[in-house]
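Visitor: Sequential numbering from 33 applies to the sequence shown in the working numbering. Let me begin by handing over the structure; questions about it come next.
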Amino acid sequence: MASHSPTMRRSLWPIYSIMAICLAPLLFALAAYYLPALGLRPPGQSNYGHLIEPQRPVPSAADLTLHTLQGDNFDLQSLRGQWVLLNVDSGACPESCVRKLFILRNSHASQGKNVGRVARVWLITDQITPSARIQQAYQGTHMLRASTEQLQHFLPLPLHHDHNVSDLHAGMWVIDPNGNLMLMFPPDADPLRVRKDLSKLLQYSRIG
């Protein structure tokens, strides 16, 4: 009987191998769930931008006074029914501002047949008039003068920045067709991921 035991032990190795293969996915899943430090757990959400909860309705024209560059009154609620890509910055539009305008314009232009469902707004927080070159490059953007004080009551500050007035110049936001501020992109946002978020909103939304 003893002479047969090595053969019997060797014959168990295929069984052990099959058991290991079957258990591996379970062990991997357990490690991903209970040991997040390993970086194996998938993200809880697929959107790149930060969802604003609860959503914030667009203020009335009385609470958010806007004027075009020509001095005409503008009501942001007039854009209800469209997705609105929102940028806030100085009329001097430094390089960081140009980058945001470029990201929003290209994200908008890349939507193909859905391009008409989107509007772009640049809220200018001072009395500086954007250069003719900037106005020409970003035609189609609603360029509106706004009060920083009023905006601070409406817009959450972008993530990863100190909480001060200049923070408003760091982020980009999305307003849904129902007139609710619902998404905020981080400073130095990834252009491709911004475009992807917008594409998903347009693809899955039944409004706007």
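Backbone N, C-alpha and C fix where the C-beta goes; we use that ideal spot for every residue, glycine too. No experiment lies behind these values; they were computed from the predicted model shown.
Give the straight-line distance between the Cα atoms of L213 and I53, rounded to the nearest whole angstrom.
Guide: In a straight line, the C-alpha of L213 is about 49 Å away from that of I53.
Visitor: Opposite F217 in the DSSP bridges: which residues?
Guide: Paired residue(s): M204.
Visitor: Pick helix, strand or coil for Q235, following the three-state DSSP scheme.
Guide: Q235: helix per DSSP, three-state reduction.
Visitor: Exposed or buried, which one is W115 when buried takes at least 16 other CB atoms within 10 Å?
Guide: Result: buried.
Visitor: Measuring alpha carbon to alpha carbon, tell me which residue in V90, S49, T157, Y48 is nearest L101.
Guide: Comparing Cα positions, the closest option is T157.
Visitor: May I ask you to list the residues that DSSP assigns as paired with T173?
Guide: BP columns for T173 point to R152.
Visitor: One question on the structure: do L187 and L200 come within less than 8 Å of each other, judged by their Cβ atoms?
Guide: Their beta carbons are under 8 Å apart, which means L187 touches L200 by this criterion.
Visitor: Taking 7 Å as the cut-off, is the C-beta of P223 nearer than that to any heavy atom in the ligand NAD?
Guide: Here there are no bound small molecules, and the ligand NAD is not part of this structure.
Visitor: Quick one: what's got a C-beta closer than 7 Å to A169's C-beta in the same chain, skipping five residues either side?
Guide: Contacts found: none.
Visitor: For M33, collect the residues of the same chain with a Cβ closer than 8 Å to its Cβ; drop the 5 residues on either side in sequence, then sort them by chain order.
Guide: Any reading at M33 is ruled out, since the residue's pLDDT is 48, under 50, leaving its predicted position unreliable.
Visitor: Helix, strand or coil for R88, going by three-state DSSP, please let me know.
Guide: Residue state, collapsed to three classes: strand.
Visitor: State the DSSP-derived secondary structure class of F106, mapped to helix, strand or coil.
Guide: In the structure shown, F106 sits in a strand (DSSP, three-state: E or B).
Visitor: Can you tell me whether M204 is buried or exposed? The criterion is at least 16 other CB atoms within 10 Å of its CB, across all chains shown.
Guide: Its Cβ being crowded by 16 or more others within 10 Å, M204 is buried.
Visitor: Tell me, which residues are paired with D95 by DSSP?
Guide: Answer is none; D95 lacks a bridge partner.
Visitor: Do I84 and L234 have their C-beta atoms within less than 8 Å of each other?
Guide: Against a cut-off of 8 Å, the Cβ pair of L234 and I84 comes out as no contact.
Visitor: So what's L101 in DSSP terms, helix, strand or just coil?
Guide: The answer is coil: DSSP assigns L101 none of H, G, I, E or B.
Visitor: Would you say V90 and G240 are within 8 Å of each other, going by their C-beta atoms?
Guide: Not in contact: V90 and G240 (Cβ atoms no closer than 8 Å).
Visitor: Would you check if the distance between the CB atom of S139 and the CB atom of V226 is smaller than 8 Å?
Guide: Result yes, Cβ atoms of S139 and V226 sit closer than 8 Å.
Visitor: Quick check: the Cα distance between Q182 and L155, rounded to an integer number of angstroms?
Guide: The straight-line gap from Cα to Cα measures roughly 11 Å.
Visitor: Here's the rule: buried if 16 or more other CB atoms are within 10 angstroms of the residue's CB, otherwise exposed. What is P162?
Guide: When all chains shown are included, P162 counts as buried.
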